[in-house]
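Q: I'd like to ask some things about the structure below.
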Amino acid sequence: MAPTPTLGSLTPTPDDADDAAESAEIDGAALDASTTASAIARPELLLRVTTMAPRWMVVVALLLSTVLAANSSGSSDTSSTAAPNVTASDLIGWFNCSAITFADQEESADSLLHTGSIFSSSSLPSYAKKGQCAQYQAPLCHAGVCEDAQGRTIDVFVKRVLARSSPETRPNVWFLQGGPGAASPTMEYGMRALYMQLDGLMNVYTMDHRGTGRSTPLNCVTAQATTSGSPLGADLDISEFAACAQELQTRYGDLTAFSITSAASDLSRFITTYQPGSKTFVYGVSYGSALVERLMHLGTKEIVGYILDGVSTTSGADAKDGMYMSNWDVNFGEVADHFLELISNFTFAATAALKFGSKSAAGALKDALATVEKDPKHKCAKEFANFLAAGGAAPPAKLSTAVRMLLGKLLMSSTTRVFVPVLIYRLERCNKNDQLVLAFFVKAVRKQLATVSEEDALMSTLEYYLIVFSEMWESPTPDLATMTARFTNAKITTGPIADLLPLYCAFTKDTSSACSALKALVTFQYTPHGALLNAVYRKSSWLADAAKPGFCAVDLLASYVNAGGNLARVDGACVASVDADMRNMDLNVAYAPLFGVASDMYDGELDGELVGELEGELDGDFSSTFLAPLVIAACVVAALAIVLGAFVYKRWAARKAAAAAGPDAAVGLESQSPSNSAAFAVAPPSVVASSARV
Numbered sequence: 002m003a004p005t006p007t008l009g010s011l012t013p014t015p016d017d018a019d020d021a022a023e024s025a026e027i028d029g030a031a032l033d034a035s036t037t038a039s040a041i042a043r044p045e046l047l048l049r050v051t052t053m054a055p056r057w058m059v060v061v062a063l064l065l066s067t068v069l070a071a072n073s074s075g076s077s078d079t080s081s082t083a084a085p086n087v088t089a090s091d092l093i094g095w096f097n098c099s100a101i102t103f104a105d106q107e108e109s110a111d112s113l114l115h116t117g118s119i120f121s122s123s124s125l126p127s128y129a130k131k132g133q134c135a136q137y138q139a140p141l142c143h144a145g146v147c148e149d150a151q152g153r154t155i156d157v158f159v160k161r162v163l164a165r166s167s168p169e170t171r172p173n174v175w176f177l178q179g180g181p182g183a184a185s186p187t188m189e190y191g192m193r194a195l196y197m198q199l200d201g202l203m204n205v206y207t208m209d210h211r212g213t214g215r216s217t218p219l220n221c222v223t224a225q226a227t228t229s230g231s232p233l234g235a236d237l238d239i240s241e242f243a244a245c246a247q248e249l250q251t252r253y254g255d256l257t258a259f260s261i262t263s264a265a266s267d268l269s270r271f272i273t274t275y276q277p278g279s280k281t282f283v284y285g286v287s288y289g290s291a292l293v294e295r296l297m298h299l300g301t302k303e304i305v306g307y308i309l310d311g312v313s314t315t316s317g318a319d320a321k322d323g324m325y326m327s328n329w330d331v332n333f334g335e336v337a338d339h340f341l342e343l344i345s346n347f348t349f350a351a352t353a354a355l356k357f358g359s360k361s362a363a364g365a366l367k368d369a370l371a372t373v374e375k376d377p378k379h380k381c382a383k384e385f386a387n388f389l390a391a392g393g394a395a396p397p398a399k400l401s402t403a404v405r406m407l408l409g410k411l412l413m414s415s416t417t418r419v420f421v422p423v424l425i426y427r428l429e430r431c432n433k434n435d436q437l438v439l440a441f442f443v444k445a446v447r448k449q450l451a452t453v454s455e456e457d458a459l460m461s462t463l464e465y466y467l468i469v470f471s472e473m474w475e476s477p478t479p480d481l482a483t484m485t486a487r488f489t490n491a492k493i494t495t496g497p498i499a500d501l502l503p504l505y506c507a508f509t510k511d512t513s514s515a516c517s518a519l520k521a522l523v524t525f526q527y528t529p530h531g532a533l534l535n536a537v538y539r540k541s542s543w544l545a546d547a548a549k550p551g552f553c554a555v556d557l558l559a560s561y562v563n564a565g566g567n568l569a570r571v572d573g574a575c576v577a578s579v580d581a582d583m584r585n586m587d588l589n590v591a592y593a594p595l596f597g598v599a600s601d602m603y604d605g606e607l608d609g610e611l612v613g614e615l616e617g618e619l620d621g622d623f624s625s626t627f628l629a630p631l632v633i634a635a636c637v638v639a640a641l642a643i644v645l646g647a648f649v650y651k652r653w654a655a656r657k658a659a660a661a662a663g664p665d666a667a668v669g670l671e672s673q674s675p676s677n678s679a680a681f682a683v684a685p686p687s688v689v690a691s692s693a694r695v
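Numbering (the numbering used here), first residue to last: 2 to 695.
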């Protein structure tokens, strides 16, 4: 039996490279034809290792791809696409820094999720605790990706732990985080594990890909979206989108600058510039695997191996099998179904299989979800919602959603997934004791599983949405009904991804029917501009407040808010009433008194008693009507003329006397009324203010 290959043994020497190419089975599931032909440059060995599967999605897949250090003549060279004038001065650092970024990472070493001494610094030699940090200045737009007339740069944060001896001759291994939008601190444990496994005889590197963490972040600083005080906190509310999008457009222009290709180009350029001639491996997990695959297309000659963990890219595969975020609930549901089969099998989970018996865990969960759907106050399901709320987020509107989400959260860890069958078993039965046990479980574990990490502050929600909606979403997008059905058809998932559809439509400006279905245009045929208080209708006669007008637009708005934004549940019955009431534009006879007539406002004659009051005015008897006001006005004008004349005479006499008395007396006269002088020289405040308003 052939020995299990190790990371080191996967690198063929030039002498045996051709033999390796002939004997190895090439698995190109993650590569399209063009990638295999030109970008990978003679793949010598490509292995996929799965520990448990009938389906590729069931467990983490580890994909190892090794290529010759010297590319074939047909391979691409990053130097042809790199921006000019790249020098060592583009690097700020290296500065000594801790190998582990956050203290709470160390505190979690002995938690429910991390067991074993490898995660604790106390057991490490001193050289493994010391890191170096730097910032690399990369172009905002790489050549061939986007254009930036200003030639701006962005910062890319890089961390490394050097080999304990002769680091310049040792191989490099890069660790790329997933997300998208997540920074690199989580990678530091993987770096440490491999570093210790190889006795510190290699260099390990990681980076915060552009848009995240300590690299130039993609965020809306001015619009203040995703701040803790914004509607959804760190998440993006649809109401924040317009201002945020405008800010990003103004600040960066083409957001392709923050694409997967741009991030891959950062790493390719860094390796070519600062690690020339090296032997470099690149590892990516989850979204990081998509980043690594994009890096393959750039043909960086220093890279001799690629490792894809938790493969989330399926280039070249059939679209229906694609790893799209929009299809998350389906893919997660398939994994969950397989897990439920395993815990009903005595070979894998004897105790759980015995408890569920012939019903199986899947059957028990199906029945439990059906019961919870019918009972919105289900006592045991409430504990699932309480667990999710422990992290500060609002619990889902439906308890069945909370059940699916919590089980999905637990299923994603090999340590916590063993809790799933116990929770299903007690949820289905749900007696008084089960409720108490579930409540105790929530209190016991939520502190460890729902605690906010310091690393969360480095997450870029906008970068996540930008990449997911641009490069990891089905096109055309499935509609809301389809995505909702995907969630409800899955017994366990962390969705519902359907909640992201409105944001997808906003980000992409998609005008397909799936996005237009998220909008409802309510038209009042005969209502003036501004429908909120103009769309008036008469309420039904049997209502106690029938005499009061109804405001249909207010009713619609209230219904929309109460429905949580679900257009299907908005009650628009009043629209027809508004149109029926406002269609009749004939004046009601009740308005006849305004015209002084009995009923016919078009031909009716003025009431006899009113005729006498108005005849004088209508006949032109202007003097009798307006004489008194004119006399009063004339008197006022005459009085003002007399006062003004007296004032002018007094001033003239005073100046004449002052001139006769000499210069000293004149100076004294001017100083007696400086306020009057200032008032005549400066425009009155009211005039100034009026001008400012104009």
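Where is the CB? At the ideal position from N, CA and C, for every residue including glycine.
#1: Can you tell me the Cα-Cα spacing of N589 and P377, whole angstroms?
#2: Given this structure, state the Cα-to-Cα distance separating A559 from L233, to the nearest angstrom.
#3: Following the continuous alpha helix (DSSP H) through D310, name the residue where it begins and the one where it ends.
#4: State whether the stretch 218-225 contacts the stretch 188-200, with contact taken as three or more CB pairs (one from each stretch) at a distance under 8 Å.
#5: Determine the extent of the alpha helix (DSSP H) in which N387 is found, giving its start and end residues.
#6: Rank E169, T207, A353, S166 by C-alpha distance to the C-alpha of L177 and give the top, closest one.
#7: How about the stretch 301-313 and the stretch 477-495: do they share at least three Cβ pairs that are nearer than 8 Å?
#8: Taking the C-alpha atoms as reference points, what is the distance between K492 and D556?
#9: How many angstroms separate the CA atom of Q198 from the CA atom of W175?
#10: Under DSSP, the alpha helix (DSSP H) around K356 begins and ends at which residues?
#11: Distance, Cα to Cα, L355 vs S361?
#12: Can you tell me which residues form a DSSP beta bridge with G551?
#13: Does the distance from the C-beta atom of L463 to that of L219 stay below 8 Å?
#14: Straight-line CA distance for G300 to K520?
#15: Report yes if the C-beta distance between Y426 and W474 is below 8 Å; otherwise report no.
#16: Which runs of the beta strand (DSSP E), 3 residues or longer, sit entirely within the stretch 273-350?
#17: Please identify the residue among Y603, L534, G597 whose C-alpha is closest to the C-alpha of E610.
#18: Please state whether the Cβ-Cβ distance between R215 and F282 is less than 8 Å.
#19: Taking only the alpha-carbon atoms, compute the straight-line gap between P550 and A577 and give it to the nearest angstrom.
#20: So V404 packs on V373, CB below 8 Å; how close in whole Å?
#21: Per DSSP, P218 forms a beta bridge with which residues?
#22: Just tell me which of M460, E384, M297 has its CA closest to the CA of D435.
#23: Would you mind reading off the limits of the beta strand (DSSP E) that contains A139?
#24: Evaluate F1 with the Cβ neighbour count: other Cβ atoms within 10 Å of its Cβ, from every protein chain shown; 16 or more gives buried, anything less gives exposed.
#25: For V579 and Y538, which I take to be in contact (beta-carbon distance under 8 Å), what is that distance rounded to the nearest angstrom?
#26: Does the pairing of the stretch 282-299 with the stretch 253-269 give three or more beta-carbon distances under 8 Å?
#27: On the premise that F525 lies in contact with A532, defined as a C-beta separation below 8 Å, what is that separation, rounded to the nearest angstrom?
#28: How long is the line joining the alpha carbons of A135 and L163, rounded to whole angstroms?
#29: Indicate whether A593 and M586 have their beta-carbon atoms separated by less than 8 Å.
#30: What is the residue span of the alpha helix (DSSP H) that S578 lies within?
#31: Three or more C-beta pairs closer than 8 Å, one from the stretch 267-276 and one from the stretch 241-250: is that the case here?
#32: With H, G and I counted as helix, E and B as strand and the rest as coil, what does DSSP make of T416?
#33: Are there 16 or more other CB atoms within 10 angstroms of the CB of G496, so buried, or fewer, so exposed?
#34: Indicate the three-state DSSP secondary structure (helix, strand or coil) for N589 in the structure shown.
#35: Mapping the DSSP letters down to three states, classify L92 as helix, strand or coil.
#36: Assign I493 to one of three DSSP states: helix, strand, or coil.
A: Looking at the atomic coordinates:
#1: Each residue's alpha carbon lies about 50 Å from the other.
#2: Going from the Cα of A559 to the Cα of L233 covers about 21 Å.
#3: In the DSSP annotation of this structure, D310 is not part of any alpha helix (DSSP H); the continuous beta strand (DSSP E) holding it starts and ends at 304-310.
#4: With the cut-off at 8 Å, the stretch 218-225 and the stretch 188-200 do not touch.
#5: 380-390 is the span of the alpha helix (DSSP H), which, as asked, contains N387.
#6: Distances from the CA of L177 to each of E169, T207, A353, S166 were compared; the closest alpha carbon is that of T207.
#7: The stretch 301-313 is not in contact with the stretch 477-495.
#8: Cα to Cα, the separation comes out at about 37 Å.
#9: Taking C-alpha positions only, Q198 is separated from W175 by approximately 16 Å.
#10: K356 -> alpha helix (DSSP H) spans 351-357.
#11: For L355 and S361, the distance between alpha carbons rounds to 9 Å.
#12: Bridge partners of G551: Y538.
#13: In contact: L463 and L219 (Cβ atoms closer than 8 Å).
#14: C-alpha separation (whole angstroms): 45 Å.
#15: Cβ distance not < 8 Å, so Y426 and W474 don't count as in contact.
#16: Runs found: 281-286, 304-310.
#17: Taking only the C-alpha atoms, the option nearest E610 is G597.
#18: With respect to F282, R215 sits apart: the two C-beta atoms are not nearer than 8 Å.
#19: Computed Cα separation, rounded: 15 Å.
#20: In this structure, V404 and V373 form a Cβ contact; the two beta carbons are roughly 6 Å apart against a cut-off of 8 Å.
#21: According to DSSP, residue pairing for P218 in a beta bridge involves G212.
#22: Nearest C-alpha to D435: E384.
#23: For A139, the enclosing beta strand (DSSP E) stretches over residues 131-140.
#24: What the structure shows of the chain is the stretch from 2 to 695, and residue 1 is not part of that stretch, so it cannot be assessed.
#25: Their Cβ separation, rounded to whole angstroms, is 4 Å, which keeps V579 and Y538 in contact under 8 Å.
#26: Segments in contact, yes.
#27: That pair is a contact at about 5 Å.
#28: If you take the alpha carbons of A135 and L163, they lie about 13 Å apart.
#29: No. Outside cutoff.
#30: Start and end: 575-584.
#31: With the cut-off at 8 Å, the stretch 267-276 and the stretch 241-250 do not touch.
#32: It is coil, neither helix nor strand.
#33: Around the beta carbon of G496, 16 or more other beta carbons lie within 10 angstroms, which makes this residue buried.
#34: The answer is coil: DSSP assigns N589 none of H, G, I, E or B.
#35: L92: strand per DSSP, three-state reduction.
#36: Coil.
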